[in-house]
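Enquirer: Protein sequences appear in the order of chains Y and D. Using our numbering, read the first sequence as starting at 1 and increasing by one per residue. Using our numbering, read the second sequence as starting at 497 and increasing by one per residue. All C-beta atoms in this analysis are idealised placements derived from N, C-alpha and C, irrespective of residue type, glycine included. I am attaching a structure below and will ask some questions about it afterwards.
There are 2 protein chains.
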Amino acid sequence: MRNSDSFHTIIIGAGSGGLTVAVGLANLGKHVAVIEALHVGGDCTNVGCVPSKTLIHQAEVRGAADTAGALAEVRRKRDALREKETLEFGAVPNLNLIFGQARLLSQSKVSVALLEGGERMLTAEHIVIATGVRPRRVPIPGLAEARMLTNETIFELAEPPLHLAILGGGVIGMEMAFAFRKLGSRVSAVTTASWVMDKFIPEVADALTPALYQREIATYVYARAESYDAANQTLFIQQDSKQIGLDGVDYVLVAIGRERNIEELGLEVARVQFTPREGIATDSYGRTNVPGISAIGDVTATSAFTHSANAQGRRVAQRSAFPWLPTRAPEPFYPSATFSDPEVATAGMSQQQIAGRYHPKLVKRIRIDLPTQTDRGYTDDVQQGFIMVDTVRLTGKLLSVTIVGPRASEMISLFTLAIQEGISLYTLYRVVYPYPMFSSGIQKVADIFLRETLTGLRRELGTVRATCRPSRRAAAVRSAGATSQPIPHSESHVAR
Amino acid sequence: MRNSDSFHTIIIGAGSGGLTVAVGLANLGKHVAVIEALHVGGDCTNVGCVPSKTLIHQAEVRGAADTAGALAEVRRKRDALREKETLEFGAVPNLNLIFGQARLLSQSKVSVALLEGGERMLTAEHIVIATGVRPRRVPIPGLAEARMLTNETIFELAEPPLHLAILGGGVIGMEMAFAFRKLGSRVSAVTTASWVMDKFIPEVADALTPALYQREIATYVYARAESYDAANQTLFIQQDSKQIGLDGVDYVLVAIGRERNIEELGLEVARVQFTPREGIATDSYGRTNVPGISAIGDVTATSAFTHSANAQGRRVAQRSAFPWLPTRAPEPFYPSATFSDPEVATAGMSQQQIAGRYHPKLVKRIRIDLPTQTDRGYTDDVQQGFIMVDTVRLTGKLLSVTIVGPRASEMISLFTLAIQEGISLYTLYRVVYPYPMFSSGIQKVADIFLRETLTGLRRELGTVRATCRPSRRAAAVRSAGATSQPIPHSESHVAR
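Quick look at the structure:
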């Protein structure tokens, strides 16, 4: 059977990014086709945020008491959401959901090998590639396929592993380490990096390491899996030059990164530029080098989250529906949130981005510790956590924020807003934060900045003078003088 | 023994507000005296935030397993902090901590009946009254003093009550109801109001009531305590016209409000204006009618929190130290946070303040429910909670925000910042919130506002035209047009 159809936009991939474009355009009356090779909802609903956050919640409330129930609940919630979304998106007017494998034939033509059999040819003015990623795998000699897990298979477990070895100390690795430990598994985390969460500043690992230790999650850095002895259920890892046997390992979770789904798409035929390492190259509005073809979400270089895929999808839909609107705005710095225990959240630039734009002496780092410098840390026995802010000297402009601690993922959005709107620490100083919350730590950060800036004005001016051009210096001085002189202030219920 | 001494500022009351002024001025080199009749740290450290939040945390982590340990830990933390603060503030250079009962003799003279005996006469250029409040009591015939608790005595309990009756459905009542229920007490809440948390919009009670019910906390509205039968341990309450006997009640917590500590201060002698109902009258910089005498914190009309006492203290210290700075800024709208389960947090104006400033048709209310309209509500089985925003039609200016739900107290500060800086829902729409957090509900609120405003622009314009002056209307229209047209967007990982 061969069918042909013409659309305003064809979207390849029904994950968070693709569906965002599809629904946005369909609601505006555009005729769209969404091609999905597996499940509606993409990683988020099926193998990502939804099952992982359900598991983390279940592990928190049920602990080791009802582990099979916890894992069954994860699947029940995931399946119910998947079914709901499949029905809902299938029923959106103007939106055609097509299950099959898509392949570009040109900049306006897509063939779909239908899951139900047969092929279908589609044409459109716009094509959006949103095929996402899959987990990167690594062979471990001796380890059977059934014993090797990824985020695509771990939520299928009927019971937690007895001893779960996790390869990779990143977001997925850390989230699963804490969750399965709470469910009663013995957990060992193995990373080739020099610390866990190595995509973040090392202070994150400094705060997570004691938390891992307290929960008896064994962590091996500079280490890699070598082989598995199935008879003795032992995973051998190499750390520096010594071999370590992790005994009783019944499952290995591989969480060492992702690979982009770009191979079977016909990108070469359509002449879309990409690299295996960076994915499909786009500008800040998702445009590839080929007119009419866009790419969003994890298949591109700049997204690694549901919320960034989502934000990119909005930009593409907006540009597609309203092509006369300006499209010069740079892509925002996406926040991140990791649901380890404690949580880790970030906003703003990476350290590399800061280094590329600011003289190191212009950047002032302020850190407060939640356990000792917030009263809520005291009442709630918080063991680890901090708020760390990189700011521009004198101006108090926010560059980068990292929060580790309870509720970090909820606290971060104030900083995302501040960074987006150019709100400085002088302004955050004037906000009244409800006592006794962790957010009073934000007050403390602003207090420290103001105190050190105003009491050390001559020194700060000297530092800035040594590094920047006259015009920027003048702006910095104006900015510092614009705020009425403050009273130094403390972390606690008393302002000191 | 009679001593006499002269200071830059005398502060009466070593609570959060008073100490904020004292430390602020002392650090600036001013010679200050702080007079305290009981404990350094005031309500916050001794009978308020610190013991209550410690109890709430202990109840959460220990539950009914180790109740004596939980209560002992509350006292241990409180005592340790009190001791630390007493030592620290006693050691601040330029700060003289004097224990005794203060009485104004004139606008610059204070006598102190020292706790150690004797009297001391102090003079100063400035006097700051920060004497706070005490719990209001109500006699209950038949109930012995030892069985009647307030926030000043409840943390002294060695074990949780078997059946705790709480009079008052406000912040203290609700926080203690959930905490003691988790510790295993039977809890009955009795309020004369028509709903619990009646200082807030009724939707708060609508969300808390099922939570109270699920936890089996009996709630009686329109009800008052009548008498106590000690022999049968029964508290009789009157609800409408019927009498109800609450059996097995061993303790009654009276949490029906506060009374300001103004009686023994010599306010009449110094001619400081006050009313028993509103406390000491001040302007937005804490100035009373008497030059040189200020008042801050709960003894005034506008503060009821540690963070508001703190903010007022900063303003007074700033004005006192830098008298040439302008003092025309109005007092901010203080946020609130209540640590019931779910939490309740508010920012912005009260409904009365909105009604006094805006035509009702100009105000647009947007509400999203956390359980059904955020994916985190779904994964985490959130049962109750919402974000409700009152905004100005067309402009999206934020007037008032109420959040009920997990982490509400941490989410609220983004809105406090937005309200302070005049940031509208158009701007909050552009923020990328980490998925899947409750703060994506903020995105949803902004989405709804934009969708309804832009798709119903004619209707919204008509509504505004009917209510406001041309100049304001023009500003509203300009503001609505200033944002590039958005794509309607949803609560979930898909923007729809």
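Identify the continuous beta strand (DSSP E) that holds Y:E36 and give its terminal residues.
Expert: 32-36 is the extent of the beta strand (DSSP E) around Y:E36.
Enquirer: Does any residue of chain D have a CB that is nearer than 8 Å to the CB of Y:R465?
Expert: By this cut-off, Y:R465 is not an interface position.
Enquirer: Just the chain Y side, please: which residues come within less than 8 Å of D:A807 by C-beta, in chain order?
Expert: Residues of chain Y passing the Cβ test: V432.
Enquirer: With a threshold of 16 other CB atoms inside 10 Å of the CB of Y:A14, please say whether the residue is buried or exposed.
Expert: Result: buried.
Enquirer: Looking at the structure shown, is D:A554 part of a helix, part of a strand, or coil, going by DSSP?
Expert: It is worth fixing the name first, because residue 554 of chain D is Gln in this sequence and not Ala. In the structure shown, D:Q554 sits in a helix (DSSP, three-state: H, G or I).
Enquirer: Can you tell me whether Y:A65 is buried or exposed? The criterion is at least 16 other CB atoms within 10 Å of its CB, across all chains shown.
Expert: Under this definition Y:A65 is an exposed residue.
Enquirer: Go ahead and pull the three-state DSSP assignment for Y:L428.
Expert: Correct three-state label for Y:L428: helix.
Enquirer: Exposed or buried, what is D:N785 when buried is set at 16 or more other beta-carbons lying within 10 Å of its beta-carbon?
Expert: Looking at its Cβ environment, which holds fewer than 16 other Cβ atoms inside 10 Å, D:N785 is exposed.
Enquirer: Look at the alpha carbon of Y:I256 and the alpha carbon of Y:Y358, and state the distance between them as a whole number of angstroms.
Expert: So the alpha carbons of these two residues sit roughly 32 Å apart.
Enquirer: Given that D:A833 touches chain Y, what residues does it touch there, using C-beta distances under 7 Å?
Expert: Here the neighbours are P434, M437.
Enquirer: Using C-beta distances below 6 Å, list every residue in its chain close to D:T802, excluding the 5 sequence neighbours before and after it, in chain order.
Expert: Same-chain partners within the cutoff: S512, C540, C545.
Enquirer: Please give me, in chain order, every unbroken run of the beta strand (DSSP E) with length at least 3 that falls completely inside the segment 774-840 of chain D.
Expert: The segment 774-840 of chain D contains these whole beta strand (DSSP E) runs: 789-791, 832-834.
Enquirer: So, are the CB atoms of D:R872 and D:F934 less than 8 Å apart?
Expert: Yes, the Cβ-Cβ distance between D:R872 and D:F934 is below 8 Å.
Enquirer: Do you know offhand how far Y:I387's Cα is from Y:E268's?
Expert: Rounded to whole angstroms, Y:I387 to Y:E268 spans 46 Å at the Cα level.
Enquirer: Does D:K940 come out as helix, strand or coil in the three-state DSSP assignment?
Expert: Here D:K940 sits in helix by DSSP.
Enquirer: Buried or exposed, going by whether 16 or more other CB atoms sit within 10 Å of the CB of D:T949?
Expert: Per the 10 Å Cβ criterion, buried.
Enquirer: Which runs of the beta strand (DSSP E) fall wholly inside the segment 207-289 of chain Y and span at least 3 residues, in chain order?
Expert: 218-220, 223-229, 234-239, 242-247, 251-254, 258-260, all fully within the segment 207-289 of chain Y.
Enquirer: According to DSSP, which residues form a beta bridge with Y:N96?
Expert: According to DSSP, Y:N96 bridges with Y:A33.
Enquirer: What are the boundary residues of the alpha helix (DSSP H) that D:K580 is part of?
Expert: That run of the alpha helix (DSSP H) goes 563-586.
Enquirer: Pull out every residue of the segment 401-433 of chain Y whose Cβ sits closer than 8 Å to any Cβ of chain D, in chain order.
Expert: Taking 8 Å as the Cβ-Cβ cut-off against chain D, the residues of the segment 401-433 of chain Y that qualify are R407, S409, E410, M411, I412, S413, L414, T416, L417, A418, Q420, E421, I423, T427, L428, R430, V431, V432, Y433.
Enquirer: From the beta carbon of Y:Y378, is the nearest beta carbon of chain D less than 8 Å away?
Expert: It does; some Cβ of chain D falls within 8 Å.
Enquirer: Report yes or no: do three or more beta-carbon pairs, one from the segment 754-763 of chain D and one from the segment 672-692 of chain D, lie closer than 8 Å?
Expert: Because the criterion of three Cβ pairs below 8 Å is not met, the segment 754-763 of chain D and the segment 672-692 of chain D do not touch.
Enquirer: Would you tell me roughly how many angstroms separate the C-alpha atoms of Y:P434 and D:Q848, rounded to the nearest one?
Expert: Distance between the alpha carbons of Y:P434 and D:Q848 is about 21 Å.
Enquirer: Please determine if the segment 165-175 of chain Y and the segment 323-339 of chain Y are in contact, where contact requires at least 3 C-beta pairs separated by less than 8 Å.
Expert: Taking 8 Å as the limit for Cβ pairs, the verdict is that the segment 323-339 of chain Y does touch the segment 165-175 of chain Y.
Enquirer: How many Å lie between Y:V254 and Y:R407 at the Cα?
Expert: So the alpha carbons of these two residues sit roughly 27 Å apart.
Enquirer: Taking the continuous beta strand (DSSP E) assigned at Y:E119, which residues delimit it?
Expert: Segment 119-129, the beta strand (DSSP E) holding Y:E119.
Enquirer: Around the Cβ of D:T951, are there at least 16 other Cβ atoms within 10 angstroms (buried) or fewer (exposed)?
Expert: With fewer than 16 Cβ atoms within 10 Å of its Cβ, D:T951 is classed as exposed.
Enquirer: Can you find a CB in chain Y that lies within less than 8 Å of the CB of D:D865?
Expert: No, its Cβ sits nowhere closer than 8 Å to a Cβ of chain Y.
Enquirer: For Y:A345, go through chain D and note every residue whose CB falls closer than 7 Å to its CB, in chain order.
Expert: The contacting residues are P930.
Enquirer: Which residues in chain D sit within 8 Å of Y:T306, going by Cβ to Cβ distance?
Expert: Y931, P932, H989, listed in chain order.
Enquirer: I need the straight-line Cα distance from Y:F7 to Y:L104, nearest angstrom please.
Expert: Roughly 15 Å between the two C-alpha positions.
Enquirer: Report yes or no: do three or more beta-carbon pairs, one from the segment 547-554 of chain D and one from the segment 563-573 of chain D, lie closer than 8 Å?
Expert: Touching, yes, given that three or more Cβ pairs across the two stretches are closer than 8 Å.
Enquirer: If you measure from the beta carbon of Y:H57 to each beta carbon in chain D, is any gap under 8 Å?
Expert: Judged by the 8 Å Cβ criterion, Y:H57 is in contact with chain D.
Enquirer: Quick check: the segment 801-819 of chain D against the segment 520-538 of chain D, are at least 3 beta-carbon pairs closer than 8 Å?
Expert: Enough Cβ pairs lie closer than 8 Å, so yes.
Enquirer: With a threshold of 16 other CB atoms inside 10 Å of the CB of D:Y483, please say whether the residue is buried or exposed.
Expert: For residue 483 of chain D there is no data in the structure shown, the boundaries of chain D being 497 and 992.
Enquirer: In terms of residues, what are the limits of the alpha helix (DSSP H) holding Y:A22?
Expert: Element bounds for Y:A22: 16-27.
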